[in-house]
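Using our numbering, read the sequence shown as starting at 4 and increasing by one per residue.
These notes concern the structure reproduced below.
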Amino acid sequence: MSESPILITGGAGFIGNHLLRAWVDQYPHYHFVNVDLLTDASNIKGLAVLTNRSNYSFYQYDICNKEQLENLFKNYEFEGVIHLAAETHVDKSIVNPRLFADSNIIGTVNLLELTKQYCQTKSSFNRFYHISTDEVYGHLGLSGCFKESDRYLPRSPYAASKAASDHFVRAFYHTYGLPIVLSHCTNNFGPYQSRDKFIPQIVTNALNHQPIKIYGQGKNIRDWLYVTDHVQAIDCIYHYGTIGETYHIGGNNPINNISLANKITTLMESILNREKREFQKLITFVPDRLGHDFRYALDLSKTQKEIKWNPTTTLEDGLMKTILHYINH
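Following this line, the structure appears as structure tokens:
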């Protein structure tokens, strides 16, 4: 076994897939221990290429099951924890908020307690890195960006559960001295994302000539972050971020939902040599989501200054790679 085990929670999820496939090759001196419950949002097939790698192990564990996790902490002297595991689908949180409270809050507290118990006193322990969302801040009008110091105002059960987990992470830093870092990201996209997410759903519904449903009038604005840019930011923050600090990660690709749907369908018509508006005609407006935030935007200046990271993938390039992935799969 490599001498520096790192616990990755939610490694079979969308971001975790990309992170592990990149890092297992990039960091052979780490041993990556992937813990994932394998929910509907997981993609364990995407990690099949890592099955026989000597510096990778997988455990189908639930982070809400503290006994399962404790066995791992007893068996591995973790150098770090990168906590990606979370329930993330906003619509599902509106239907079943308790599920999000259990996974995102209780699961995080379990990890924090075990990290404090088994890792905090080890000189080799680097940090507990918690990945969060821009949704904890609430929403914005047409101008402005959230800074890391802004107050929280979550407006959905998902956002509330992530806000609570963020507070617990910071509380363990201030109360127990646990070395933590935390980041907030904007909307991720790219290959291998769950098909119930916004961009994959547009692509797959268009391919199947099914309605492309857009909430309200489609005017809600999101910033889109290509997943490999996010993985590079996680790398920088895990290795070079300052303990106790929070960093913002975004794609600098703001666009409203209807414009994004039109852009995707137009690209697909071009790639597949289809008639103009063949896919655009599938766009259908449906009643707006409950508590639908209007706009999110993050100020990236601290991240750019302190860890020298910037997104490099344009929206067009990222969409082209994503569309081609779903066409080919």
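Using N, Cα and C, we set each Cβ at its ideal position, and we do this for glycine too.
These figures come from a predicted structure and were not determined experimentally.
Strand pairing of residue i, partner residues [DSSP]
i    : result
F81  : Answer by DSSP bridge pairing: none, since F81 is not bridged.
T124 : According to DSSP, which records beta bridges pairwise, T124 is partnered with nothing at all.
I258 : R225
H86  : T12, H133
L143 : R298
V289 : Y218
F149 : L301
I237 : DSSP, once it has assigned bridges, lists no residue as partnering I237.
I202 : Paired residue(s): none; I202 is not in a bridge.
I47  : Paired residues: none, contrary to the question.
I356 : No answer is possible for residue 356: the residues shown for the chain start at 4 and end at 332.
Supposed contact pair residue j and residue i - C-beta distance, whole angstroms, cut 8 angstroms
i    : j    : result
L40  : Q63  : 7 angstroms
D94  : R292 : 7 angstroms
F149 : Y121 : Not confirmed; about 34 angstroms, so no contact.
I261 : G221 : 3 angstroms
Y299 : T189 : 6 angstroms
F103 : E90  : 5 angstroms
I205 : H133 : The Cβ separation is near 30 angstroms, so there is no contact.
F192 : G321 : 6 angstroms
N58  : Y33  : 6 angstroms
S127 : S186 : No, S127 and S186 are not in contact; Cβ-Cβ is about 23 angstroms, not under 8 angstroms.
Enclosing beta strand (DSSP E) for residue i [first to last residue]
i    : result
W227 : 224-229
K311 : K311 -> no beta strand (DSSP E), and no H or E assigned at all.
F282 : Per DSSP, F282 belongs to no beta strand (DSSP E) and is neither H nor E.
Y33  : 33-38
K216 : 215-218
Three-state secondary structure assigned by DSSP to residue i
i    : result
Y62  : strand
C188 : strand
K299 : Before going further, note that residue 299 is Tyr rather than Lys in the sequence given. In the structure shown, Y299 sits in coil (DSSP, three-state: anything other than H, G, I, E or B).
M4   : Because the pLDDT at M4 is just 44, under 50, the model does not fix this residue reliably, and the point stays unresolved.
Y243 : helix
T249 : strand
S197 : coil
L156 : coil
T306 : helix
T118 : helix
N113 : helix
S57  : coil
T42  : coil
N265 : helix
N68  : coil
N276 : coil
N211 : coil
Endpoints, the alpha helix (DSSP H) within which residue i is located
i    : result
F17  : 17-29
L318 : 318-331
L160 : Here residue 160 is Pro; the residue named in the question, Leu, does not match the sequence. Unbroken alpha helix (DSSP H) run through P160: 160-179.
D94  : 93-98
Check: residue i C-beta below 6 angstroms from any heavy atom of the ligand NAP
i    : result
Q204 : Within the structure as shown, the ligand NAP is missing, as the structure has no ligands at all.
The segment 155-163 in contact with the segment 91-110 per 3-pair CB rule at 8 angstroms: yes
If contact is defined by three or more beta carbon pairs under 8 angstroms, each pair taking one atom from either stretch, is the segment 14-21 in contact with the segment 220-238? yes
I want to know whether the segment 29-49 touches the segment 183-200 - three or more CB-CB distances under 8 angstroms. yes
Do the segment 73-88 and the segment 136-152 make contact, defined as three or more Cβ pairs closer than 8 angstroms? no
How about the segment 260-268 and the segment 206-226: do they share at least three Cβ pairs that are nearer than 8 angstroms? yes
Within the chosen definition, does the segment 241-258 reach the segment 289-309 through at least 3 CB pairs nearer than 8 angstroms? yes
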